[in-house]
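Colleague:
There are 2 protein chains.
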Amino acid sequence: MEFSTENKFARRMDGVPRSFIREILKVAISPDIISFAGGLPNKDFFPMEELRDCAMKLMSGTDRNIFQYANTEGYLPLRQKIAERYAQKGLKIDPANILITNGSQQGLDLLGKIFINEGDPVLIEEPGYLGAIQAFSIFKPQFVTIPLRETGIDVALFKEKIELHQPKIAYLIPNFQNPSGISYSESVRKEIANSCSKKQIFLVEDDPYGDIRFKGVAKHSLHHYLPDRTILLGTFSKTVVPAFRMGWIVAPDEVMEKLIIAKQAADLHTDYFTQRLVHQYLSDYNIDEHISRICATYGKQAAAMLNAMEKYFPKEVKYTTPEGGMFLWVTLPEGQDALQVFDLAIKENVAFVPGNPFYVDKANVNTLRLNFSCSNEAETEEGIRRLGNVLKKIK
Amino acid sequence: MEFSTENKFARRMDGVPRSFIREILKVAISPDIISFAGGLPNKDFFPMEELRDCAMKLMSGTDRNIFQYANTEGYLPLRQKIAERYAQKGLKIDPANILITNGSQQGLDLLGKIFINEGDPVLIEEPGYLGAIQAFSIFKPQFVTIPLRETGIDVALFKEKIELHQPKIAYLIPNFQNPSGISYSESVRKEIANSCSKKQIFLVEDDPYGDIRFKGVAKHSLHHYLPDRTILLGTFSKTVVPAFRMGWIVAPDEVMEKLIIAKQAADLHTDYFTQRLVHQYLSDYNIDEHISRICATYGKQAAAMLNAMEKYFPKEVKYTTPEGGMFLWVTLPEGQDALQVFDLAIKENVAFVPGNPFYVDKANVNTLRLNFSCSNEAETEEGIRRLGNVLKKIK
Chain A
4 MEFSTENKFA RRMDGVPRSF IREILKVAIS PDIISFAGGL PNKDFFPMEE LRDCAMKLMS
64 GTDRNIFQYA NTEGYLPLRQ KIAERYAQKG LKIDPANILI TNGSQQGLDL LGKIFINEGD
124 PVLIEEPGYL GAIQAFSIFK PQFVTIPLRE TGIDVALFKE KIELHQPKIA YLIPNFQNPS
184 GISYSESVRK EIANSCSKKQ IFLVEDDPYG DIRFKGVAKH SLHHYLPDRT ILLGTFSKTV
244 VPAFRMGWIV APDEVMEKLI IAKQAADLHT DYFTQRLVHQ YLSDYNIDEH ISRICATYGK
304 QAAAMLNAME KYFPKEVKYT TPEGGMFLWV TLPEGQDALQ VFDLAIKENV AFVPGNPFYV
364 DKANVNTLRL NFSCSNEAET EEGIRRLGNV LKKIK
Chain B
4 MEFSTENKFA RRMDGVPRSF IREILKVAIS PDIISFAGGL PNKDFFPMEE LRDCAMKLMS
64 GTDRNIFQYA NTEGYLPLRQ KIAERYAQKG LKIDPANILI TNGSQQGLDL LGKIFINEGD
124 PVLIEEPGYL GAIQAFSIFK PQFVTIPLRE TGIDVALFKE KIELHQPKIA YLIPNFQNPS
184 GISYSESVRK EIANSCSKKQ IFLVEDDPYG DIRFKGVAKH SLHHYLPDRT ILLGTFSKTV
244 VPAFRMGWIV APDEVMEKLI IAKQAADLHT DYFTQRLVHQ YLSDYNIDEH ISRICATYGK
304 QAAAMLNAME KYFPKEVKYT TPEGGMFLWV TLPEGQDALQ VFDLAIKENV AFVPGNPFYV
364 DKANVNTLRL NFSCSNEAET EEGIRRLGNV LKKIK
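Top to bottom, those sequences are chains A and B.
All you need for my numbering is the position in the first sequence, starting with 1, plus 3.
All you need for my numbering is the position in the second sequence, starting with 1, plus 3.
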């Protein structure tokens with residue numbers, strides 16, 4: 004028998020779509036396609052042998068508790084290692100304020116859960132990270148968007164919008180933002196923090212790529228300027244391996260208390276064996292040397308992409324020049340539709356992500372995201388050449 | 004400066020307490036305490052060497068994708084193995100209807116997310132599994148409780164309550180229920196399914212312990228009687244190891260579609276390396292032989308507990324006699340308060356979980372949960388002797 008679907012599910016699931024990327028990339032499965040659409044770290048850098056050695060060490064010991072249930076907050080020595088890495092960057096973080104999560108994505112889900120009532124304003128960059136849009140959307144916020152420029156968000160507009168909407172949280176990616184690749188200038192960071200110092204707002208600073216800098220100098224975290232009201236999200240997905248889903252949240256005491264309750268209800272704790280494995284890796288190997296090798300390659304690949312774009316793209320096409328991370332952002336001439344370009348590009352065996360899923364309220368956008376972490380310099384040149392041909396044709 | 008805490012967090016976090024068990028067990032840390040309070044599988048049965056061999060095999064190969072991002076649904080060959088295990092029990096499950104989750108607990112969170120609007124009625128056993136109470140509570144349902152008896156829930160009352168409240172979901176643990184240890188009779192299962200066949204309700208059958216049967220004969224899953232409207236939760240936490248957080252949900256197509264969206268927003272996917280590791284274990288080793296060894300020991304330990312209770316408990320104290328799982332349930336004489344007994348018991352160096360957290364709306368209850376999976380026969384006898392002394396004193 005058939006039942007009405009009305010009221011069968013919770014209202015929060017209305018209109019939360021399946022992943023746009025997942026859906027559009029179903030057409031991009033031909034092995035001849037050069038894809039800049041992914042968001043994957045380069046698997047050549049996965050420390051296979053090192054992780055095998057660590058696993059052997061752990062699994063050959065007598066500590067059977069590596070396989071037992073564990074505490075919700077996460078393995079303390081791992082949280083201490085994370086705190087030490089922050090200390091190297093000048094941030095003083097107590098391990099008690101670190102919660103291990105299933106990747107940063109779970110951090111976003113937990114933050115949505117503890118902060119967002121239906122209709123609550125949440126501030127987010129435009130274009131914004133689609134994983135955050137997805138995670139928060141389930142809790143039905145009112146998104147308040149701030150356009151990104153080359154030096155970060157427009158601070159005047161930011162001030163205006165937090166005054167007007169009084170959002171509980173502002174979600175920002177100051178380093179090598181996904182999807183745009185841009186980074187906030189030092190002064191933008193400082194001004195954001197200053198303008199929030201007397202407001203009841205938490206800054207959510209998502210920093211999955213901060214370590215992957217291949218150009219320029221590191222900037223301060225928002226946490227440096229506003230420690231009591233900055234929530235940091237971090238991950239080992241881009242520096243060790245993504246499969247482990249090993250991320251964390253740094254949050255002030257009152258927020259941490261709610262997060263721990265939400266995390267416990269969500270899944271009790273993150274895979275404890277894998278936490279031990281990552282801790283072993285951080286103890287036995289030099290992750291900074293490892294990261295510098297990743298940066299060197301991503302930097303070369305980004306440069307190859309930028310050079311090829313200079314060579315093959317029509318002059319009216321604009322793009323960002325990232326100092327790190329895995330992505331850059333292309334803006335087509337006004338009026339062009341990135342989704343239409345995508346269809347043409349697939350026929351030329353080159354793929355990217357049209358800008359659409361990175362906006363909360365826009366369609367037919369003229370922007371697109373390119374990933375440079377997974378294609379070597381020759382593939383990149385050839386892929387950009389193909390894309391350039393498409394772009395020239397639709398002029 | 005100080006801000007009001009009012010409105011700072013989402014309403015859904017109001018009154019969701021930190022884990023009761025976690026809080027009360029802070030006093031139970033002395034090494035002299037014999038604890039029946041835990042809910043842990045016996046770590047003597049963790050297949051350390053087997054998992055090490057599997058990890059070596061995987062990590063010595065050339066497939067670097069064992070460490071890459073993966074799809075949301077989970078590793079298909081693992082889902083096929085799970086489907087095969089259901090087939091052995093006579094259940095026909097398509098791997099496409101299986102979603103890998105971070106333990107069953109995440110299944111509960113995802114189900115809460117996709118089904119529960121604030122105030123929606125959710126049917127649950129009394130006493131009920133506290134992890135489900137916690138997970139669902141975040142979505143603010145109206146709990147509708149059905150008392151448990153030795154053969155399962157009272158079916159007449161169940162019919163009455165689903166007629167009256169029209170809950171979207173009924174959460175049930177038909178095998179070796181946590182906390183009570185009781186199992187539903189075959190006729191109760193059949194009647195539950197029959198009484199739902201024309202209602203718009205999903206039966207959520209949580210079955211973490213189903214494989215851990217040490218007495219009696221297996222009963223049919225509710226899925227056998229009502230496949231289109233039964234959602235099954237399963238886990239490897241009790242049969243392989245808990246640390247991996249490796250669970251799954253079986254759901255009909257329309258529910259699976261919502262679950263996948265919610266899972267993707269929640270954490271993209273479950274630890275993929277660990278999924279591969281569990282799959283390798285299931286491929287290379289005989290899990291059924293492994294499980295039969297667990298059952299033999301748990302059965303002996305449960306018998307030791309029951310024998311000691313017979314010997315040392317006052318006759319007015321009643322308890323269940325489980326055919327499997329990890330727990331049994333004690334009912335003290337009317338008017339006694341399990342929390343007060345707990346305080347006295349701690350002084351005698353024996354611990355248990357007072358019944359309180361297993362009720363959605365009762366305090367000062369006269370019930371308590373005992374775990375028998377982690378104490379050997381001698382410890383069990385001694386612990387029950389101590390508890391018997393306490394119970395005799397408060398007579």
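By construction, the Cβ of each residue, glycine as well, lies at the ideal position given by its N, Cα and C atoms.
If you measure between the beta carbons of B/PRO170 and B/VAL125, is that distance less than 8 Å?
Modeller: yes
Colleague: For chain A, find out if any of its Cβ atoms is closer than 8 Å to the Cβ of B/ALA173; answer yes or no.
Modeller: no
Colleague: Using DSSP with H/G/I as helix, E/B as strand and the rest coil, what is A/THR324?
Modeller: coil
Colleague: Check the Cβ of A/SER63 against every Cβ in chain B and list those closer than 7 Å, keeping chain order.
Modeller: ARG55
Colleague: Over what stretch of residues does the alpha helix (DSSP H) that includes A/THR75 continue unbroken?
Modeller: Segment: none, A/THR75 is in no alpha helix (DSSP H) and carries neither H nor E.
Colleague: Which residue wins for smallest C-alpha separation from B/GLY131, given the options B/GLU121, B/ASN10, B/ILE119 and B/PHE146?
Modeller: B/PHE146
Colleague: Under 8 Å by Cβ, that's how I've got B/ALA135 and B/ILE127 pegged, so tell me the actual separation to the nearest angstrom.
Modeller: Between B/ILE127 and B/ALA135 the Cβ distance is about 7 Å, and since that is below 8 Å, they are a contact.
Colleague: Cβ closer than 8 Å: which chain A residues qualify as neighbours of B/PHE361?
Modeller: In chain order: nothing, as chain A lies at least about 16 Å away.
Colleague: Does the Cβ-Cβ distance between B/VAL207 and B/LEU160 come in under 8 Å?
Modeller: no
Colleague: Given that B/ILE117 touches chain A, what residues does it touch there, using C-beta distances under 7 Å?
Modeller: Within 7 Å Cβ-Cβ: PHE12, ALA13 and MET16.
Colleague: Spatial neighbours of B/TYR315 within its chain, please: CB distance less than 7 Å, with the 5 preceding and 5 following residues excluded, ordered by chain position.
Modeller: Contacts found: ILE387, ARG388 and GLY391.
Colleague: Taking 7 Å as the cut-off, is the CB of A/GLY338 close to at least one heavy atom of the ligand GDP?
Modeller: For the structure depicted, the ligand GDP is absent and the ligand set is empty, with no information on it obtainable.
Colleague: Beta strand (DSSP E) containing B/ALA173: first to last residue?
Modeller: 172-175
Colleague: Helix, strand or coil for B/ASN374, going by three-state DSSP, please let me know.
Modeller: strand
Colleague: Could you compute how far the alpha carbon of B/LEU102 sits from the alpha carbon of B/GLN267?
Modeller: 11 Å
Colleague: Below 8 Å between beta carbons: does that hold for A/LEU335 and A/VAL344?
Modeller: Yes, the Cβ-Cβ distance between A/LEU335 and A/VAL344 is below 8 Å.
Colleague: Between the segment 233-255 of chain A and chain B, which residues of the former have a C-beta closer than 7 Å to a C-beta of the latter?
Modeller: VAL244, PRO245, ALA246, PHE247 and ARG248
Colleague: In the DSSP assignment, what are the bridge partners of B/ARG152?
Modeller: B/GLY155
Colleague: Measuring alpha carbon to alpha carbon, tell me which of A/ILE349, A/LYS350 and A/LEU342 ends up nearest A/ASN359.
Modeller: A/LEU342
Colleague: Smallest Cα separation from A/ALA73: which of B/HIS226, B/PHE39, B/SER240 and B/ASP210?
Modeller: B/SER240
Colleague: Assuming the contact rule is C-beta atoms closer than 8 Å, B/ILE117 and B/LEU262 should be a hit. Round their C-beta distance to whole Å, please.
Modeller: 6 Å
Colleague: Between the segment 199-226 of chain A and chain B, which residues of the former have CB atoms less than 8 Å from a CB of the latter, in chain order?
Modeller: If the cut-off is 8 Å between Cβ atoms, the segment 199-226 of chain A has LYS201 and GLN203 near chain B.
Colleague: Whose CA, out of A/SER186, A/ASN367 and A/ASN197, lies closest to the CA of A/THR323?
Modeller: A/SER186
Colleague: From this set, A/LEU280, A/GLN109, A/ILE32 and A/ILE195, which residue's C-alpha is nearest A/PRO1's C-alpha?
Modeller: Residue 1 of chain A lies beyond the residue range present for chain A, which begins at 4 and ends at 398; the question has no answer from this structure.
Colleague: Against chain B, which members of the segment 67-94 of chain A pass a CB distance test of less than 9 Å?
Modeller: ARG67, ASN68, ILE69, PHE70, GLN71, TYR72, ALA73, ASN74 and THR75
Colleague: Taking the continuous beta strand (DSSP E) assigned at B/VAL333, which residues delimit it?
Modeller: 330-334
Colleague: Residue range of the beta strand (DSSP E) that A/ASP209 falls in?
Modeller: Element bounds for A/ASP209: 205-209.
Colleague: Give the range of the alpha helix (DSSP H) segment to which B/GLU380 is assigned.
Modeller: 380-396
Colleague: Contact between the segment 52-67 of chain A and the segment 45-59 of chain B: three or more CB pairs below 8 Å?
Modeller: yes
Colleague: Would B/GLY131 count as contacting chain A if we go by Cβ distances under 8 Å?
Modeller: no
Colleague: Taking only the alpha-carbon atoms, compute the straight-line gap between B/ASN367 and B/ASP340 and give it to the nearest angstrom.
Modeller: 5 Å
Colleague: Taking the beta carbon of A/ASP210 as the centre, do at least 16 other beta carbons fall within 10 Å, making it buried, or is it exposed?
Modeller: buried
Colleague: For B/LEU167, count neighbouring C-beta atoms within 10 Å of its own C-beta (all shown protein chains included) and say buried if the count is 16 or more, exposed if not.
Modeller: exposed
Colleague: Who does B/ASN105 pair with in a DSSP beta bridge?
Modeller: Listed as beta-bridge partners of B/ASN105 by DSSP are B/MET249.
Colleague: Return the CA-CA distance between A/GLU188 and A/LYS222, expressed in angstroms with no decimal places.
Modeller: The question names Glu, but residue 188 of chain A in the sequence shown is Ser. Approximately 7 Å between the Cα atoms of the pair.
Colleague: Residues of the segment 284-298 of chain A with a CB closer than 7 Å to any CB of chain B: list them in chain order, please.
Modeller: none
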